[in-house]
Amino acid sequence: MNSTTLRTCGVALVVMTTAAPLLARDDAEQILDGHNLLQDELHRPALAVGERVTRLAFRESTGEAVYLQECLQRGPVAFVFVSTTCPLAKRYVERLKRLHNRYSSKGVLLVAVFPNADETAKGVRAYSERAGFEFPVVRDVNGYLARRLGATMTP
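In the numbering used here, each number is its position in the sequence shown, counted from 1, plus 1.
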């Protein structure tokens, strides 16, 4: 898996471009209740640039299990780490929607990740609905996904 992490004042962006072998669908049961990651991903260190991800699955705010390897079979995945409260992150809403509209037809999947501890699942869903996000949204329980993907700065 090739990955690049860009850190900005308002958002952190991790882009992944190639897939490892597919996970079996029955691994959804291993995603812990109240968490986003598979059991064996919870305490692994952050990915290094160029490191392959072999087992990464998480739940989006709708409760649907998302398997990174399946997504990568269709194209690149861009994780954008944002916040419901940061004024700078709020300025990115329209830009993120434009990016989604421009690149989703080319197979790029945008995933909005909300890792801040003070944000609730209900608040993230409401914010995403108001913002009009038409791409997956993840409330990153305990910041596990952010740590695994190496996002060290969020708004």
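All C-beta atoms, glycine included, are put in the ideal place defined by N, C-alpha and C.
Beta-carbon proximity check, residue 80 vs residue 152, cutoff 9 angstroms
Contact: yes.
Nearest-angstrom Cβ-Cβ length linking residue 62 and residue 149, presumed shorter than 8 angstroms
About 18 angstroms separates the two Cβ atoms, so there is no contact after all.
Beta-carbon proximity list for residue 128, same chain, < 6 angstroms, skipping 5 on both sides:
Around residue 128: 85.
Quick one: what's got a C-beta closer than 7 angstroms to residue 46's C-beta in the same chain, skipping five residues either side?
For residue 46, where only same-chain residues beyond five positions count, there are no Cβ hits under 7 angstroms.
I'd like the span of the beta strand (DSSP E) that includes residue 140, first residue to last.
That run of the beta strand (DSSP E) goes 138-140.
Would you tell me roughly how many angstroms separate the C-alpha atoms of residue 78 and residue 123, rounded to the nearest one?
Cα-Cα distance, rounded: 25 angstroms.
Do three or more CB pairs link the segment 92-100 to the segment 137-148 at distances below 8 angstroms?
As far as the Cβ criterion goes, the segment 92-100 does not touch the segment 137-148, which means the pair count is below three.
Would you mind reading off the limits of the beta strand (DSSP E) that contains residue 60?
Residue 60 -> beta strand (DSSP E) spans 58-60.
What residue ranges within the segment 72-130 form continuous beta strand (DSSP E) runs of no fewer than 3 residues, ordered along the chain?
78-82 and 110-115, all fully within the segment 72-130.
Identify the residues that DSSP records as bridge partners of residue 68: which are they?
Answer is 58.
Buried or exposed: which applies to residue 90, given that a residue is buried once 16 or more other Cβ atoms fall within 10 Å of its Cβ?
With at least 16 other beta carbons inside 10 angstroms of its own, residue 90 counts as buried.
Taking residue 131 as the reference, give the member of 94, 68 and 83 with the closest Cα.
Closest option to residue 131, Cα to Cα, is 94.
Can you have a look at residue 109 and say buried or exposed, based on whether 16 or more other CB atoms are within 10 angstroms of its CB?
Under this definition residue 109 is a buried residue.
Residue 24: buried (16+ other C-beta within 10 angstroms of its C-beta) or exposed?
Because the pLDDT of residue 24 is 46, which lies under 50, any placement of that residue in the model is unreliable, and the number read from its coordinates should be weighed accordingly. Buried: at least 16 other Cβ atoms inside 10 Å.
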